[in-house]
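Enquirer: Before we start, here is the structure in question, set down as structure tokens.
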Amino acid sequence: MREEKIPYKIYLSESEMPKQWYNVRADMKNKPAPLLDPVTKEPMTAAELEKVFCSELVKQELDDTNAYIDIPEEILDFYKMYRPAPLVRAYCLEKHLNTPAKIYYKFEGNNTSGSHKLNSAIAQAFYAKKQGLKGVTTETGAGQWGTALSMACAYLGLDCRVFMVKVSYEQKPFRREVMRTYGASVTPSPSVTTAVGRKILAEHPGTTGSLGCAISEAVETATSMEGYRYVLGSVLSQVLLHQTIIGLETKAAMDKYNITPDVIIGCAGGGSNLGGFISPFMGEKLRGEKDYRFIAVEPETCPSLTRGKYVYDYCDTGRICPLSKMYTLGAGYIPAGTHAGGLRYHGMSSIVSQLYDDGLMEAVSVPQTSVFAAAQEFARVEGILPAPESSHAIRVAMDEAIRCRETGEEKTILFCLTGTGYFDLVAYGRYNDGEMTDTVPTDADIMKGLAGIPRFPGNEI
Ligand SMILES: *Cc1c(COP(=O)(O)O)cnc(C)c1O
Numbered sequence: 001m002r003e004e005k006i007p008y009k010i011y012l013s014e015s016e017m018p019k020q021w022y023n024v025r026a027d028m029k030n031k032p033a034p035l036l037d038p039v040t041k042e043p044m045t046a047a048e049l050e051k052v053f054c055s056e057l058v059k060q061e062l063d064d065t066n067a068y069i070d071i072p073e074e075i076l077d078f079y080k081m082y083r084p085a086p087l088v089r090a091y092c093l094e095k096h097l098n099t100p101a102k103i104y105y106k107f108e109g110n111n112t113s114g115s116h117k118l119n120s121a122i123a124q125a126f127y128a129k130k131q132g133l134k135g136v137t138t139e140t141g142a143g144q145w146g147t148a149l150s151m152a153c154a155y156l157g158l159d160c161r162v163f164m165v166k167v168s169y170e171q172k173p174f175r176r177e178v179m180r181t182y183g184a185s186v187t188p189s190p191s192v193t194t195a196v197g198r199k200i201l202a203e204h205p206g207t208t209g210s211l212g213c214a215i216s217e218a219v220e221t222a223t224s225m226e227g228y229r230y231v232l233g234s235v236l237s238q239v240l241l242h243q244t245i246i247g248l249e250t251k252a253a254m255d256k257y258n259i260t261p262d263v264i265i266g267c268a269g270g271g272s273n274l275g276g277f278i279s280p281f282m283g284e285k286l287r288g289e290k291d292y293r294f295i296a297v298e299p300e301t302c303p304s305l306t307r308g309k310y311v312y313d314y315c316d317t318g319r320i321c322p323l324s325k326m327y328t329l330g331a332g333y334i335p336a337g338t339h340a341g342g343l344r345y346h347g348m349s350s351i352v353s354q355l356y357d358d359g360l361m362e363a364v365s366v367p368q369t370s371v372f373a374a375a376q377e378f379a380r381v382e383g384i385l386p387a388p389e390s391s392h393a394i395r396v397a398m399d400e401a402i403r404c405r406e407t408g409e410e411k412t413i414l415f416c417l418t419g420t421g422y423f424d425l426v427a428y429g430r431y432n433d434g435e436m437t438d439t440v441p442t443d444a445d446i447m448k449g450l451a452g453i454p455r456f457p458g459n460e461i
């Protein structure tokens, strides 16, 4: 029988919404390793980082000690336009799976960008504006991050320049037009507007571009123009910090009804949504107050946690950003053309990497056909059309619930539904036509990527 007390959707009132982000690094015994200068291999100083990133964000990036960081009033006001995000009890999915498990999901797709990325985009744009900057630059592949950033910049009156990988620019005109509607300038990369772009075009005429190339163009633009900085949508600790709004809201909503999750599941691209989602729960585990199982889910084609190495590596294929110690497949690793664009990053947040290395969480990788099967089942019973990235978490949550059906365990399963899939209908079409296939990278494929990891004393593979 259903416990009538727990509503389908649990919302927080405005006054119950979190007013601080939680910095899990403060409670970690083993801190994530510092960013290194790619040339000297010395830890990056604040002064060096401030040439590329906004000052306040550099402070957050380097902060291993303050557990709570106030969310500025202006950001709280922006959050109120699309938050709190609902925590949903998946009654229909439970019934469909005939499981004794209780399933909850936090839905982050309730804004025009269609994903959690807006949580950090508004924070990064706010600090840029506060610093008196004119604008920010970034790269985007599939387009979710560029869309979120263009929304945040429009709100604050900040110039937003997005370098979009040329192949996506041509193949995904809808996301491009959303960004332009919000006032961003969107340039297909490589372009003639930067020296690095002109060089790449001269060497490879007709190239369709890459994320690494787009990053290089965005960084060059930011560092060569007065009043501009570069911003990034995942991986960095500052981004994970902003994303803790997801976990803090979830925990507040669960505490309100005395619900304690047993298993907490999230998809992992650069690790910011997962890290932000699990942070408050992980904090309790680190402080010895409670125990939870945490599961990171990654695509079989890009298995940084499950098959990568924990070493210092380049964050970008252009090899101009600082080195980060993380689980990585190598910056030159090219995943097979799977449809979860947001999970195709070669590395992982240094915080998530350290927590995983310390045995505090688990990771699994899943094939995309099983992910789309879960997405379709979920859409049919819960109504929401999930993003392929988010559906990685759905897959593993469903598998856990099915296991509970077999064992009779009444576990409480919690996962993060990071976004919606309206711009991924070509992928859904492939799946519906039975044309989607799975590719498992061979050990040789993995070794080829790992071979590009920089070698220096203390950084052996
Ligand atoms: C970008 C994206 C992800 C990956 O998020 P990370 O925080 O980088 O792990 C997951 N889901 C959706 C919908 C995304 O847009």
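Under this note's numbering, think of the first position of the sequence shown as 1, with each following residue one higher.
Glycine included, each C-beta is placed from N, C-alpha and C at the ideal position.
Computed from a prediction, not measured in an experiment: that's the story for all the values here.
1) Rounded to the nearest angstrom, what separates residue 244 and residue 202 at their Cα positions?
2) Could you give the distance in angstroms between the alpha-carbon of residue 146 and the alpha-carbon of residue 162?
3) Given a cut-off of 7 Å on the beta-carbon distance, is the pair residue 196 and residue 226 in contact?
4) Quick check: does the Cβ of residue 267 come within less than 6 Å of any heavy atom belonging to ligand 1?
5) Report yes if the C-beta of residue 144 is less than 6 Å from at least one heavy atom of ligand 1; otherwise report no.
6) Could you tell me the alpha carbon to alpha carbon distance between residue 48 and residue 321, rounded to whole angstroms?
7) Among 240, 120, 253, which has the Cα closest to the Cα of residue 271?
8) Any chance the CB of residue 387 is under 6 Å from a heavy atom of ligand 1?
9) Skipping 5 residues on each side, what residues in its chain have a beta carbon closer than 7 Å to that of residue 55?
10) Any heavy atom of ligand 2 closer than 6 Å to the beta-carbon of residue 273?
11) Which residue comes first and which comes last in the alpha helix (DSSP H) that contains residue 447?
12) Would the segment 422 to 441 and the segment 287 to 303 be scored as touching if the rule is three or more Cβ pairs under 8 Å?
13) Would you report the Cα separation of residue 62 and residue 87, rounded to the nearest angstrom?
14) Of the choices 388, 346, 221, whose alpha-carbon is the least far from that of residue 449?
15) Which same chain residues end up closer than 8 Å to residue 112 when comparing Cβ atoms and leaving out the 5 residues on each side of it in sequence?
16) In three-state terms, what does DSSP make of residue 218?
17) By alpha-carbon positions, which one of 402, 426, 260, 435 ends up nearest to residue 414?
18) The alpha helix (DSSP H) spanning residue 121 covers which residue range?
19) Is residue 418 near ligand 1 - that is, is its Cβ less than 6 Å away from at least one heavy atom of it?
20) Which word fits residue 31, buried or exposed, when buried means at least 16 other C-beta atoms lie within 10 angstroms of its C-beta?
21) Please determine if the segment 389 to 404 and the segment 361 to 377 are in contact, where contact requires at least 3 C-beta pairs separated by less than 8 Å.
22) Quick one: does the C-beta of residue 462 sit closer than 6 Å to a heavy atom of ligand 1?
23) Look up residue 44 in the DSSP assignment and say whether it is helix, strand or coil.
24) Hey, how far is the Cα of residue 282 from the Cα of residue 24?
25) Whose C-alpha, out of 154, 134, 198, 208, is nearest the C-alpha of residue 167?
26) Grab the span of the alpha helix (DSSP H) containing residue 255 for me, first residue to last.
27) Taking three-plus beta-carbon pairs below 8 Å as touching, is the segment 96 to 106 in contact with the segment 132 to 140?
28) Measuring only the C-alpha atoms, how far is residue 40 from residue 249?
29) Might you give, ordered along the chain, the residues of its own chain that have their beta carbon closer than 7 Å to the beta carbon of residue 57, omitting 5 neighbours on each side?
30) Got a sec: does ligand 1 put a non-hydrogen atom nearer than 6 Å to the Cβ of residue 347?
31) What runs of the beta strand (DSSP E), each 3 residues or longer, lie entirely inside the segment 388 to 460?
32) Thinking C-beta only, is residue 180 closer than 7 Å to residue 143?
33) If we require 3 or more residues per run, which beta strand (DSSP E) segments fall completely within the segment 158 to 185?
34) Start and end of the alpha helix (DSSP H) containing residue 363?
35) With respect to 6 Å, is the separation between the Cβ of residue 234 and the closest non-hydrogen atom of ligand 1 below this value?
36) Would you kindly report the start and end of the unbroken alpha helix (DSSP H) that includes residue 95?
Expert: From the atom records:
1) Their Cα atoms are separated by approximately 43 Å.
2) 6 Å
3) no
4) Correct: residue 267 has its Cβ closer than 6 Å to ligand 1.
5) yes
6) 11 Å
7) For the residues 240, 120, 253, the minimum Cα distance to residue 271 belongs to 240.
8) yes
9) 131
10) Ligand 2 is not among the ligands present in this structure, which contains only ligand 1.
11) First-last of the alpha helix (DSSP H) with residue 447: 443 to 450.
12) Touching, yes, given that three or more Cβ pairs across the two stretches are closer than 8 Å.
13) 31 Å
14) 346
15) So the qualifying residues of the chain are 147, 151, 178.
16) In the structure shown, residue 218 sits in a helix (DSSP, three-state: H, G or I).
17) When each option's Cα is compared against that of residue 414, the closest is 260.
18) Counting along the chain, residue 121 sits inside the alpha helix (DSSP H) bounded by residues 118 to 130.
19) yes
20) exposed
21) Yes: the two stretches touch, three or more of their Cβ pairs being nearer than 8 Å.
22) The chain is shown only over 1 to 461; residue 462 falls outside these bounds and no answer can be derived.
23) coil
24) 8 Å
25) 208
26) 244 to 256
27) No contact exists between the segment 96 to 106 and the segment 132 to 140.
28) 41 Å
29) 124, 127, 238
30) no
31) 412 to 417
32) No, the pair does not count as a contact, with Cβ atoms beyond the cut-off.
33) Here the runs fully enclosed are 159 to 165.
34) Unbroken run through residue 363 is the beta strand (DSSP E), 362 to 366; no alpha helix (DSSP H).
35) yes
36) 91 to 97
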